[in-house]
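These protein sequence lines are chains A and B, in that order.
When we follow the numbering used here, the leftmost residue of the first sequence carries the number 238, and every step to the right adds one.
When we follow the numbering used here, the leftmost residue of the second sequence carries the number 238, and every step to the right adds one.
We put the CB at the ideal spot given by N, CA and C, even for glycine.
Because the structure is a prediction, the values reported are computed rather than measured.
Working notes, structure below.
2 protein chains.
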Amino acid sequence: MRSKIKEILRFGIVGTTIEAKGWIRTKRVSKQVIFLSINDGSCQQNLQVVMAPTLLSEALLNQLSTGASIAVLGRLVASKGQNQSVELEGSQLTLLGIAPAYPLQPKAHSLEFLRTWVHLRFRTNTFGAVFRIRHAVSYAIHHFFHEHGFFYLHTPIITAADAEGAGALFRVTSLDAEGPARNPDGRVDFREDFFKKPTNLTVSGQLAAEAAAMGLGAVYTFGPTFRAENSNTPRHLAEFWMVEPEVAFNTLDDNIALVEELLKFLLNYVLNNCQEELAWLQKRALSSTNEKCVKAQMPLLERLAFVLAQPFVQITYTEAVDILMEARPNKNGTFVYPVTGWGIDLQSEHERYLVEDHFKSPVVVTNYPRAIKAFYMRQNDDGRTVAAMDVLFPGVGEMVGGSQREERLDYLQQAMQRGNLQVEDINWYFKATFFA
Amino acid sequence: MRSKIKEILRFGIVGTTIEAKGWIRTKRVSKQVIFLSINDGSCQQNLQVVMAPTLLSEALLNQLSTGASIAVLGRLVASKGQNQSVELEGSQLTLLGIAPAYPLQPKAHSLEFLRTWVHLRFRTNTFGAVFRIRHAVSYAIHHFFHEHGFFYLHTPIITAADAEGAGALFRVTSLDAEGPARNPDGRVDFREDFFKKPTNLTVSGQLAAEAAAMGLGAVYTFGPTFRAENSNTPRHLAEFWMVEPEVAFNTLDDNIALVEELLKFLLNYVLNNCQEELAWLQKRALSSTNEKCVKAQMPLLERLAFVLAQPFVQITYTEAVDILMEARPNKNGTFVYPVTGWGIDLQSEHERYLVEDHFKSPVVVTNYPRAIKAFYMRQNDDGRTVAAMDVLFPGVGEMVGGSQREERLDYLQQAMQRGNLQVEDINWYFKATFFA
């Protein structure tokens, strides 16, 4: 019965006999002893295997290279090293898979290099840490919403709707690429396509989730979303996973409270459950010299703890613009996009100034001008702002965007007219709320 | 502070003042009292609201129709009805949203009718039950794998790979539908497409998950998967969510044990957490007369408890064929697809005969002929079968398919040659395992 290395290092009892399996990270050979460091992906740490050279043939020893897969039976002994409590005194070693041409030698690799070995990245410390943290965050998201009485909803990935106009669309088709069916006028005949009309990949499950929330009360999506924008920035992806909660009866204040509780729960969960992974990533970031990575002002662990400890500052968009107008980088021309007055869209540099320089805290900006926000956001009584919010984080900028939804038919229709949106395009959205 | 109806009905204390919000299901008016039945989606049950007619104007009372959204403040009192412990004696009612043309009156609707109100289905008992159960199963899946040390993996949705040949593909493109870029020879120039080559929606994350498992040890996917097959059966969907676990070092027996534990955990979870929803669906199925639904031999709850109580029977494909050859429906010609001998692919009618008639238990069939299974399944020593398994359930047929993966390069290459698969097409899959 195989034991996982995570369990061996946490709960292993000196003197017991166990079997471990994993991939060799490093091998050191002396006359008296062979040291093998193996990892099985269950945690960041490796298990140290110690064997007498007499137990292995020279042919076998030569095959024990980085990347090779082995099973080791042996006895747990107290470790003399600093980094682990126990090590495995191997009595029997089985070679499960050889790796004669393994390309990832045990040293630091650039992300650019690892990108060329996309299927082997999972075996590195950095990607192991990233994917274990991604799992922890994903699990914590499901746990949080479940405990708060939300229902997980799978909204359609293939859709004919693009109500929000959130971005460029990928088209999905079963028509022949070279010779699609055509109408007499020569245009493509989408009646012959799979869904009898043009379809695309979803840019947001929000509107579908709103309809579900109007029956189930509180739902969240957590699924893939797509943008066909040809943009190479760290903030743009063609395919990414997004979380979209929708709650019936919630006000903007309810939503802000929900977001702050969610984000702090996730930070706390990761800080408690991924200490070794975060420590590795911090070490990597601090030692990184030849990579064009954004150096944060604080080391990673400190930055996460800092965000967790702060109550989020809440200001209105109008207050944010007042602050930015008076900000030094605005006055001395350091901002690439000068803040000229009320009505401008906030850029990433403005958001980060508010968070990192002015407030030194996560910031929730509320009540944006209606002209720069989506049609479905609830209009405030001032007639020019909407009940929207953006949550801004250090080193990131916008982390969450949201709003209270407009529930008044006449306001919604006016907002759509201003945005040149046709009611017919999202007729079902109207019907869901208004039966109009 | 609003209370959810689920919490009110479970934990509400008689005499306390609370606020509930929800959508009106039914209204009954007499001279002495008004009864409103409201639902907020948090659970299957409604909350009964009782109000004195003097508290509501006639205009307001007329607007309180099925589908309207209200907030009620009041005092919890012990209920005289059988179906709930408490009811709400309303002292203040606020109309949040009217529903003058609400199309779903409080009566039984066919699934065909509800299909025409896709965005309102969430407000019905049947779809409320289905989506709450779907949430429960989804959450239980994440919980199970997390507790077993698996990492949740998001494999690519847009992909250029189709190694498995699992089905017809949807093409994903950013090229103009009417006039795509073309090469001098007149063919579509996919270098101008978003990813510089033809891409499609994934039919399976398996191969990517295998690569991840070779680093992280144990991973699972739970994401959308696509088939462009133009097939209208209850077993075929163009878009569906699938779970794919991959575990390094696992044998076929390990995989069978994992699947049985998973399925029983999920059944147990749903039986414990969705009693009202299951009871509703059972009642609906038993009373369904005018729908072409498959009538199961046992009522729903009984059937689920039955599956949970049975140890799964495990037989080889060869044993399965022997049983089917001798089966009465095979001898008297009732099978649409006669079982003629070893080597045939098992059809749904054969699978259901094994489960529902012969064994009266879930059945795991192992060691299928290699000719009818995928190239990546591990060949057995008999030279003609592979270490594959299908888990068969009553009323469903195949519930899970899986295998131990082939780890021997020469066997894998031979399997691909037999299947006319080109090594170049999944070169990375080879590299992940063999660095070849």
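- prompt: Considering only the beta carbon of each residue, do Trp478/A and Phe459/A sit closer than 8 Å?
  reply: On the first sequence, residue 478/A is found 241 positions in, with the first residue counted as 1. On the first sequence, residue 459/A is found 222 positions in, with the first residue counted as 1. Taking 8 Å as the Cβ cut-off, Trp478/A and Phe459/A qualify as a contacting pair.
message: What would DSSP say about Pro536/A, mapped onto helix, strand or coil?
response: Along the first sequence, read from residue 1 onward, the residue named residue 536/A stands at position 299. Looking at Pro536/A - three-state DSSP - the assignment turns out to be coil, as it is neither helix nor strand.
message: With a threshold of 8 Å between beta-carbons, can Val480/A be considered close to chain B, or not?
response: Walking along the first sequence from the start, residue 480/A turns up at place 243. Not an interface residue.
task: Answer with yes or no whether the minimum CB distance from Ala400/B to chain A is below 8 Å.
output: Position 163 of the second sequence, counted from the first residue, corresponds to residue 400/B. Because the pLDDT of Ala400/B is 49, which lies under 50, any placement of that residue in the model is unreliable, and the question is left without a value.
field: Endpoints, alpha helix (DSSP H) assigned at Glu696/B
entry: Given a span of 238 to 673 for chain B in the structure shown, any question on residue 696/B remains unanswerable.
message: So, at 8 Å on beta carbons, what are the nonlocal neighbours of His595/A in its own chain, with the 5 sequence-adjacent residues on each side left out?
response: As a first step, residue 595/A is located in the first sequence; it is residue number 358 there, counting from the start. Taken in chain order, the residues that qualify are Ile560 and Ala564.
query: Does DSSP put Gln519/B in a helix, a strand or coil?
result: In the second sequence, counting from the first residue as 1, residue 519/B sits at position 282. Residue state, collapsed to three classes: helix.
task: Let me know if Gln281/B comes out buried or exposed under the rule of 16 or more other beta-carbons within 10 Å of its beta-carbon.
output: If you number the second sequence from 1, residue 281/B lands on position 44. Its Cβ being crowded by 16 or more others within 10 Å, Gln281/B is buried.
message: Does chain B have any CB closer than 8 Å to the CB of Lys258/A?
response: Taking the first sequence and counting its residues from 1, the one referred to as residue 258/A is at position 21. By this cut-off, Lys258/A is an interface position.
- prompt: From which residue to which residue does the beta strand (DSSP E) around Gln443/B run?
  reply: Position 206 of the second sequence, counting from 1, holds the residue named residue 443/B. It is not in any beta strand (DSSP E) - Gln443/B instead sits in the alpha helix (DSSP H) that spans Gln443 to Leu453.
- prompt: Is the beta carbon of Val425/B less than 8 Å from the beta carbon of Val409/A?
  reply: Here residue 425/B refers to the residue found at position 188 of the second sequence. Here residue 409/A refers to the residue found at position 172 of the first sequence. Not in contact: Val425/B and Val409/A (Cβ atoms no closer than 8 Å).
- prompt: Can you tell me whether Met451/A is buried or exposed, with buried defined as 16 or more other CB within 10 angstroms of its CB?
  reply: Against the first sequence, residue 451/A aligns to sequence position 214. By the 10 Å Cβ count, Met451/A comes out buried.
Contacts of His385/B in chain A (Cβ-Cβ under 9 Å): Translated into the one-based positions of the second sequence, residue 385/B becomes position 148. Going along chain A, no residue has its Cβ under 9 Å from His385/B, so there is no contact; the nearest lies around 10 Å.
query: Roughly how many whole angstroms lie between the Cα atoms of Pro393/A and Glu447/A?
result: For this step, residue 393/A is matched to residue 156 along the first sequence. For this step, residue 447/A is matched to residue 210 along the first sequence. C-alpha separation (whole angstroms): 13 Å.
query: If Ala305/B and Ile335/B are in contact, beta carbons under 8 Å, what's the gap, nearest whole angstrom?
result: Position 68 of the second sequence holds residue 305/B. Position 98 of the second sequence holds residue 335/B. The pair is a contact, with the Cβ atoms about 6 Å apart (cut-off 8 Å).
query: For the beta strand (DSSP E) that contains Ala405/B, what are its first and last residues?
result: Position 168 of the second sequence, counted from the first residue, corresponds to residue 405/B. Element bounds for Ala405/B: n/a, residue is neither H nor E.
message: If we define contact as Cβ-Cβ less than 8 Å, is Gly687/B a contact residue for chain A?
response: Because chain B is modelled from 238 through 673, residue 687/B falls outside the range shown and cannot be assessed.
- prompt: Using a C-beta to C-beta distance shorter than 7 Å, which residues of chain A count as neighbours of Glu644/B?
  reply: Here residue 644/B corresponds to residue number 407 of the second sequence, with the count starting at 1. Those within 7 Å of Glu644/B in chain A are Gly334.
When Gly639/A, Asn276/A and Ala296/A are compared against Val309/A, the one with the closest alpha-carbon: For the purposes of this step, residue 309/A is identified with residue 72 of the first sequence, where counting begins at 1. The option with the nearest alpha carbon to Val309/A is Asn276/A.
message: Can you pull the chain B neighbours of Asp490/A, defined as C-beta to C-beta under 8 Å?
response: Counting from 1 along the first sequence, the entry for residue 490/A is found at position 253. Correct list: empty, because the minimum Cβ distance to chain B is about 12 Å.
Coarse secondary structure for Ala624/B, derived from DSSP in three states: On the second sequence, position 387 is the one that residue 624/B refers to. Here Ala624/B sits in strand by DSSP.
query: If you draw a straight line from the C-alpha of Ala345/B to the C-alpha of His391/A, how long is it?
result: The sequence position of residue 345/B within the second sequence is 108, counting from 1. The sequence position of residue 391/A within the first sequence is 154, counting from 1. Cα-Cα distance, rounded: 25 Å.
query: Would a C-beta distance cut-off of 8 Å place Leu273/B and Ile261/B closer than the cut-off?
result: Stepping through the second sequence from its first residue, residue 273/B is reached at position 36. Stepping through the second sequence from its first residue, residue 261/B is reached at position 24. Contact flag set, yes.
task: Please state if the CB of Ile370/A and the CB of Ala503/A are separated by a distance shorter than 8 Å.
output: Numbered from its first residue, the first sequence carries residue 503/A at position 266. Numbered from its first residue, the first sequence carries residue 370/A at position 133. The amino acid occupying residue 503/A in the given sequence is Leu; Ala does not appear at that position. No, these two residues do not count as a Cβ contact at 8 Å.
- prompt: Going by alpha carbons, who is nearest to Pro290/B out of Leu406/B, Gly327/B and Ala397/B?
  reply: Residue numbering aside, residue 290/B sits at position 53 when the second sequence is read from its first letter. The shortest Cα separation from Pro290/B among Leu406/B, Gly327/B and Ala397/B belongs to Gly327/B.
task: Thinking Leu518/A and Ala366/A are a contact (beta carbons under 8 Å), I'd like their distance in whole angstroms, please.
output: As a working note, residue 518/A is residue 281 in the first sequence. As a working note, residue 366/A is residue 129 in the first sequence. The Cβ separation is near 5 Å, so the contact holds.
task: On a CA-only basis, which of Pro482/A, Ala373/A and Pro340/A is nearest Ala361/A? Give me that one, please.
output: Residue mapping note: residue 361/A aligns to position 124 of the first sequence, counting from 1. The displayed chain sequence assigns Thr, not Ala, to residue 361/A. Among Pro482/A, Ala373/A and Pro340/A, the Cα nearest to that of Thr361/A is on Pro340/A.
message: Between the region 350–359 of chain B and the region 348–364 of chain A, can you find at least three pairs of beta-carbon atoms closer than 8 Å?
response: no
query: Got a sec: is the Cβ-Cβ distance from Ile245/A to anything in chain B below 8 Å?
result: As a position in the first sequence, residue 245/A is number 8, starting the count at 1. With 8 Å as the cut-off, Ile245/A does not count as an interface residue toward chain B.
task: Please work out which residues of its chain come closer than 6 Å, Cβ to Cβ, to Glu481/B, disregarding the five sequence neighbours upstream and downstream, and give them in chain order.
output: Position 244 of the second sequence holds residue 481/B. Cβ neighbours of Glu481/B beyond the five flanking positions: Gly442, Gln443, Ala446 and Thr458.
- prompt: chain B beta carbons: is any one of them nearer than 8 Å to that of Val484/A?
  reply: The residue given as residue 484/A occupies position 247 in the first sequence. Not one chain B Cβ lies under 8 Å of Val484/A.
task: Give the secondary structure of Leu489/A by DSSP, where H, G and I count as helix, E and B as strand, and everything else as coil.
output: Indexing the first sequence from 1 puts residue 489/A at position 252. DSSP places Leu489/A in helix when its eight states are reduced to three.
field: Within chain B, partners of Asp277/A - CB distance below 7 Å
entry: As a first step, residue 277/A is located in the first sequence; it is residue number 40 there, counting from the start. Neighbours of Asp277/A on chain B, chain order: Gly454.
message: If you reduce the DSSP assignment to three classes, tell me which class Asn604/B lands in.
response: On the second sequence, position 367 is the one that residue 604/B refers to. Strand at Asn604/B.
field: Reduced DSSP secondary structure (H/G/I, E/B, other) of Tyr339/A
entry: For the purposes of this step, residue 339/A is taken as the residue at position 102 of the first sequence. Coil at Tyr339/A, not helix or strand.
message: Can you pull the chain B neighbours of Leu438/A, defined as C-beta to C-beta under 9 Å?
response: Along the first sequence, read from residue 1 onward, the residue named residue 438/A stands at position 201. By Cβ distance, chain B contributes Ile394, Ile395, Val409 and Leu438.
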